[in-house]
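K.L.:
Those sequence lines, one after another, are chains A and B. Take the first sequence: its letters are residues 6 to 219, numbered as in my numbering. Take the second sequence: its letters are residues 20 to 607, numbered as in my numbering. All C-beta atoms, glycine included, are put in the ideal place defined by N, C-alpha and C. Predicted model only: the values in this text are computed from it and were never measured. First the structure, which I've put down as structure tokens, then a few questions once you've had a look.
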Amino acid sequence: MRVAIAEDSVLLREGLARLLSDAGFDVVAQCEDAEELLRKANSHELDAAIVDIRLPPTHNDEGLRAAIEIRDQHPSMGVLVLSQYVELGLAMRLLADSAEGVGYLLKDRISDIPEFVAAVERVAAGGSAIDPIIVSTLLSRRRSDDPLATLTPREHEVLELMATGSSNQGIADALVITLRAVEKYVSSIFGKLGLPSTGSESRRVLAVLLFLRS
Amino acid sequence: MAASAAPRNIRLQGAPLAPWPRLLWAVGLAGLAAAIATFALALTSDHVPEQGLQAALVDWITVPYILGGLVAWWRRPDSRFGPLMIAAGFAMFVSTLQWASAPLPYTIGLAFDLLPVAVLIHVFLAFPSGRLERDTERAVVAAGYSVAAGLQLVKMLLGGVGTENLLAAAAAPTAANAVQDVQLVTLSALALTSFALLVARRRTSGRPLRRSVALLIDSFALGLVMIAALMLAGALELSAFETIRRITFVVIGIAPVAFLIALLDARLARSAVGDLVVELDADPAPTDLRDALSRALGDPSLTLAYWLPEFESWADFDGRAVELPTHDNGRATTLIDREGVHLAALVHNPSLGDEPERLDAVSAAAGIALENGRLHVDLRARLEELKGSRGRVIEAGQHERQRLERNLHDGAQQRLIALSLELGLLKERLVGQPDAMSRLDQARGEIALSLEELRDVARGIHPAVVSGHGLGVALESLAAQAPVPVRLAVDLDARVQERIEVAAYYVVSESLANVGKHAEASSVSVDVARANGSLVVEVVDDGVGGADSERGSGLRGLADRVEALGGRLRVWTPRGGGTRVRAEIPCA
């Protein structure tokens, strides 16, 4: 898979490039700022871009804007945004109306190499990777009339993994249960929350996140 | 209309520079002698028809100008107008020396023949200060003197007037006549120009003149018209010349009388000061004196500035620095001093300069009140200064916090992540060494904890998400993490200044933290919107209310932050009635 990296810290940029090359990715471009990334995205056929949210010149929202622009201009290209802080508001801006081919992870996550590589692969393939902190923030949210209270502890775990973008297989592996059991839990959760079941695994991410946010 | 180049000064203490009384007496006696000498010259003359009438006409001008000049000099020692009037009177007298039969006085008198015209134009244009304020006026007067005196010498050198003329160096009567025609026509034109200048000045003054001053200026204008007519009649050698001359003399003699009336009326005008004193007495609190002074001076455009010695600047009643007008923007300035230092400045319509007595009297009456006003303004200015410095301190603090947060983000946090990544890469090579792998995981766990702590520290130092992405995005996480359900409504179409956003962020975060700690609320609403040029933040809970003092101290810090930005923080917390925190921060 062909990927580009936009990260202004040399240390991290080279670390990321090494990590991804070792994992078998073709690192086509290593960019210092958002402008360079956008140029590379236009001139190369990329499967995914990994973007630091804080990029030069102002280190404000250049990275986020570049990610949103790539999502707009290159719908087939996955975008994984890395940040030293994850914010619910930013996640919602990034997702906008679809969770397909989007990732938003705390930067720390790159050190868990197998997990991180899996996230990049998922995003490049059109799936999602939402940081668990976002999901737990949403789950911990106080509600006056809480439908989450009706979920069993196991269903809670499944919901959490589902919201981060895990596939059914991923959930089964993480919880060490069968794929069939996962499917049963998923349909039970959708029933209890009153959500229409959507076929695609990435589409259900947005549905769950929006439900939790409301 | 141009104002005086230098502001006029009123000293509230210490006597003004009065002219030496003996000098006034000496000038008066000289004037008397001149008046008598005029008659003596006329009556002994061998070439003056109707001697008595001619002498009376000349004295009709000489005496009132010298007398009026003396009174003016005595009453308004600051003004040069008095001496100028006296000069006009004596110039008139000197020109009568041409009645003498002896060649020397005759020649001197001839040389001064037209000079009174130039001096009179000077007098009329120089009212009331005695100074010519504008270049056009200066040019007219200079031209008047050179034509009346300079060309007169040329004419006399050419032998143009009489046989007894000691200066005659040639006998060229035709050329001399031509010079005289030039003189008369030019002086006529200069008189008309001066008339136009007077009329224009009066039209553009924009402030109604006191009736006596209006009368005075009308008499000046009429005098100028008559001078113009007289000069023209002389050039055309009209038969009515002598009649016009007599009328002109009478008219010119009226001007000093009008001047004396205006001077007397100005003393009467001081009664307007009585109303001012009553008004100031009625309200001893320091108020802006502008309105009262404006009424007392009859100048609606009046502005008042107070001198702040500490800041070495002028300030308005709210303590904001103001600039006094420079002399080319149509305003005049009168400085009011006390014990040698400035107290206040009146910036007024230049036509008020016509009534210096009124300005003096009003300023004197307002003295104590002005001093009070100045103290008040001084206090306000210090308060403004304090506000400004508090704002700067908070701003500097915020910059420093922002810098620290950026340093943490780019430094320690970035390095720890890189280190953790390095350990992750190392772990990939340790397959088959479970002991080493688990110790490595432990190390990575420690780094993850450090990063989390650093993140909390960094967030506490400065909410970078606010700077990076705005208030709406930042508040979403705050609302989601709040201990009670939050209804969040952010209605902003664009970013506002960062320091305002940061202050608003802290208002919401502190308020939500308070709700969690004390309010026992079941829901909170957070509303952020722009209204009337302010960012309005309102956090309302349905809890127990009655915020205690501990809760108050956190709010105090918030209030400081909000007030430093010129805003206001208010808290309503009735017992049992929930708590409402409302911050309004002015934003451009």
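Which residue's Cα is closest to the Cα of residue 212 of chain A: A:46, A:102, A:13, A:61?
P.N.:
Out of A:46, A:102, A:13, A:61, A:102 has the C-alpha closest to the C-alpha of residue 212 of chain A.
K.L.:
Tell me which same chain residues have a C-beta within less than 7 Å of the C-beta of residue 200 of chain A, skipping the five on either side of it?
P.N.:
For residue 200 of chain A, where only same-chain residues beyond five positions count, the Cβ hits under 7 Å are 212, 216.
K.L.:
Counting only Cβ pairs nearer than 8 Å, list the residues of chain B close to residue 135 of chain A.
P.N.:
Under the 8 Å cutoff, chain B gives no residues; its nearest Cβ is about 14 Å from residue 135 of chain A.
K.L.:
Indicate the three-state DSSP secondary structure (helix, strand or coil) for residue 22 of chain B in the structure shown.
P.N.:
Its pLDDT being 39, under 50, residue 22 of chain B is placed unreliably by the model, and nothing is read from it.
K.L.:
What does residue 436 of chain B touch in chain A if you count any residue whose Cβ is under 9 Å from its own?
P.N.:
Going along chain A in sequence order, the residues near residue 436 of chain B (Cβ under 9 Å) are 14, 16, 17, 20, 89, 112, 113, 115, 116.
K.L.:
Can you find a CB in chain B that lies within less than 9 Å of the CB of residue 97 of chain A?
P.N.:
Closer than 9 Å: yes.
K.L.:
So with CB distances below 8 Å, who are the chain A contacts of residue 495 of chain B?
P.N.:
The contacting residues are 92, 93, 94, 97.
K.L.:
What are the residues that DSSP puts in a beta bridge with residue 603 of chain B?
P.N.:
BP columns for residue 603 of chain B point to B:555, B:587.
K.L.:
Three or more C-beta pairs closer than 8 Å, one from the region 89 to 97 of chain A and one from the region 450 to 465 of chain B: is that the case here?
P.N.:
With a cut-off of 8 Å, the region 450 to 465 of chain B and the region 89 to 97 of chain A do not count as touching, because too few Cβ pairs lie within range.
K.L.:
Name, going along the chain, the residues of the region 20 to 36 of chain A whose beta-carbon falls closer than 8 Å to a beta-carbon of chain B.
P.N.:
From the region 20 to 36 of chain A, only 20, 21, 23, 24, 27 have a Cβ closer than 8 Å to chain B.
K.L.:
Closer than 7 Å by C-beta to residue 21 of chain A: which residues in its own chain qualify, once you throw out the five before and the five after it? Chain order, please.
P.N.:
Cβ within range, chain order: 10, 12, 55, 115.
K.L.:
For residue 368 of chain B, which three-state DSSP category applies?
P.N.:
The answer is coil: DSSP assigns residue 368 of chain B none of H, G, I, E or B.
K.L.:
Taking the beta strand (DSSP E) that residue 3 of chain B falls in, what are its first and last residues?
P.N.:
Shown here, chain B extends from 20 to 607; a query on residue 3 of chain B therefore has no answer.
K.L.:
Could you tell me which of A:106, A:123, A:110, A:60 sits nearest to residue 24 of chain A, measuring between CA atoms?
P.N.:
Closest by alpha carbon: A:123.
K.L.:
Is the region 324 to 340 of chain B in contact with the region 406 to 413 of chain B, if contact means three or more CB pairs nearer than 8 Å?
P.N.:
The region 324 to 340 of chain B, when compared against the region 406 to 413 of chain B, does not touch it at the 8 Å Cβ threshold.
K.L.:
Compute the Euclidean distance between the alpha carbons of residue 589 of chain B and residue 603 of chain B, then round it to the nearest angstrom.
P.N.:
Approximately 9 Å between the Cα atoms of the pair.
K.L.:
Where do the N-terminal and C-terminal ends of the beta strand (DSSP E) with residue 133 of chain A fall, by residue?
P.N.:
Segment 133 to 135, the beta strand (DSSP E) holding residue 133 of chain A.
K.L.:
Where does residue 87 of chain A fall in DSSP's three states?
P.N.:
Strand.
K.L.:
Excluding sequence positions up to five away, which residues of its chain have a Cβ less than 7 Å from the Cβ of residue 39 of chain B?
P.N.:
Excluding positions up to five away in sequence, the list is empty.
K.L.:
What residue from B:208, B:393, B:178 has the CA that sits closest to residue 197 of chain B's CA?
P.N.:
Comparing Cα positions, the closest option is B:178.
K.L.:
If you measure beta-carbon to beta-carbon, which residues of the region 54 to 76 of chain A are closer than 8 Å to chain B?
P.N.:
Flagged, chain order: 58, 59, 64, 65, 66, 69.
K.L.:
State buried or exposed for residue 192 of chain A, treating a residue as buried only when at least 16 other CB atoms are found within 10 Å of its CB.
P.N.:
Residue 192 of chain A comes out exposed.
K.L.:
Determine the chain B residues that contact residue 153 of chain A at a beta-carbon separation under 9 Å, and present them in chain order.
P.N.:
Those within 9 Å of residue 153 of chain A in chain B number zero; the least Cβ separation is about 13 Å.
K.L.:
What in chain B is Cβ-close to residue 149 of chain A, meaning under 8 Å?
P.N.:
The answer, in chain order, is 504, 541, 542.
K.L.:
Please go through the region 48 to 119 of chain A and give each complete beta strand (DSSP E) segment of 3 or more residues, from N-terminal end onward.
P.N.:
Listed in chain order, they are 53 to 57, 83 to 88, 107 to 111.
K.L.:
Hey, could you find the ends of the alpha helix (DSSP H) residue 439 of chain B is sitting in?
P.N.:
433 to 447 is the extent of the alpha helix (DSSP H) around residue 439 of chain B.
K.L.:
For a contact defined as C-beta to C-beta under 8 Å, what are the partners of residue 142 of chain A on chain B?
P.N.:
Those within 8 Å of residue 142 of chain A in chain B are 496, 499, 500.
K.L.:
Under 9 Å, Cβ to Cβ, is there at least one residue of chain B near residue 202 of chain A?
P.N.:
Judged by the 9 Å Cβ criterion, residue 202 of chain A is not in contact with chain B.
K.L.:
Under a three-way DSSP split, which group does residue 352 of chain B fall into?
P.N.:
Three-state DSSP puts residue 352 of chain B in a strand.
K.L.:
What residues from chain A crowd round residue 419 of chain B, counting only those whose CB sits closer than 7 Å?
P.N.:
Per Cβ cutoff of 7 Å: no residues; residue 419 of chain B is ~17 Å from chain A at best.
K.L.:
If you drop the 5 nearest sequence neighbours on each side, which residues of the same chain put their C-beta closer than 6 Å to that of residue 118 of chain B?
P.N.:
Contacts found: 60, 61, 64, 67.
K.L.:
Is there a Cβ from chain A that is less than 9 Å from the Cβ of residue 547 of chain B?
P.N.:
By this cut-off, residue 547 of chain B is not an interface position.
K.L.:
By DSSP, does residue 452 of chain B sit in helix, in strand, or in coil?
P.N.:
The answer is coil: DSSP assigns residue 452 of chain B none of H, G, I, E or B.
K.L.:
Would you decide whether residue 181 of chain A is buried or exposed? Buried here means 16 or more other CB atoms lie within 10 Å of its CB.
P.N.:
Under this definition residue 181 of chain A is an exposed residue.
K.L.:
Can you pull the chain A residues whose beta carbon is under 7 Å from the beta carbon of residue 467 of chain B, in chain order?
P.N.:
Result: 113.
K.L.:
Can you tell me the Cβ-Cβ gap for residue 494 of chain B and residue 526 of chain B, rounded? I've got them flagged as a contact below 8 Å.
P.N.:
Going by Cβ atoms, the distance from residue 494 of chain B to residue 526 of chain B rounds to 10 Å, so no, they are not a contact pair.
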